[in-house]
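The structure under discussion appears below in the form of structure tokens.
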Amino acid sequence: MAIFLIAKNRAFLLGKAIPHDIKEEIIEMLEADPIIDKVLDFKSSILDFNSYHIKCEIECNGTALMKELGKHNFFRNEYEEVKDDYQAFLEFCIDFTGRLPRLIGTRIDVVEAEIKKKFPQVKHIDLEIN
Numbered sequence: 000m001a002i003f004l005i006a007k008n009r010a011f012l013l014g015k016a017i018p019h020d021i022k023e024e025i026i027e028m029l030e031a032d033p034i035i036d037k038v039l040d041f042k043s044s045i046l047d048f049n050s051y052h053i054k055c056e057i058e059c060n061g062t063a064l065m066k067e068l069g070k071h072n073f074f075r076n077e078y079e080e081v082k083d084d085y086q087a088f089l090e091f092c093i094d095f096t097g098r099l100p101r102l103i104g105t106r107i108d109v110v111e112a113e114i115k116k117k118f119p120q121v122k123h124i125d126l127e128i129n
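Heads up, the sequence shown is in numbering that gives the first Met the number 0, so the first residue is 0 and it goes up one at a time.
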């Protein structure tokens, strides 16, 4: 019995991966999101019985993010304020560049929540942008 438990615990300590079908579904979900071009790397481990941690490196699609923002007239007011003033336009660009990481982070939070909703056994998700 002790040898069986040692072997079982060894597998957990070495980091067993999640089942292949779940991995493929998660990758499909990620790549179906318009702001994610491609999953470059996918690593997973089992934390506990039916409890997973996944880490993905993704390629982000900035064009899709900008189109998504444009659908909601995100830039309409800013455009009206800066359209005749190049200096104001530059200041807007600098300010917007500072907001981009938060916008991408917010979108990644949504994607992570969707994965956790469909796969409640996924307890931790790390999405890193390449």
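For every residue, glycine included, the Cβ atom is placed at its ideal position computed from N, Cα and C.
Contacts around residue i, its chain only, beta-carbon distance under 6 Å, and the 5 residues preceding and following it disregarded
i, result
"Asp36", "Glu58, Asn60"
"Glu77", "Phe91"
Classification of residue i by the beta-carbon crowding that lies within 10 angstroms, buried from 16 upward
i, result
"Cys92", "exposed"
"Leu29", "buried"
"Val110", "buried"
"Arg106", "buried"
Beta-carbon proximity list for residue i, same chain, < 7 Å, skipping 5 on both sides
i, result
"Ser43", "Ala16, Ile17, Lys22, Tyr51, His52, Ile53"
"Ile26", "Val38, Phe41"
"Lys63", "The question names Lys, but residue 63 in the sequence shown is Ala. Closer than 7 Å at Cβ, skipping near neighbours: Pro33, Ile34."
Beta-carbon proximity of residue i to residue j, cut-off 8 Å
i, j, result
"Cys55", "Leu99", "no"
"Phe73", "Val81", "no"
Cross-strand partners of residue i (DSSP beta bridge)
i, result
"Val38", "Ile57"
"Asp125", "Lys54"
"Asp130", "Here the chain comprises residues numbered 0 to 129, so residue 130 is not present and cannot be evaluated."
When the Cβ atoms of the region 105-124 are set against those of the region 50-57, are three or more pairs found closer than 8 Å?
-> With the rule of 3 Cβ pairs closer than 8 Å, the region 105-124 counts as touching the region 50-57.
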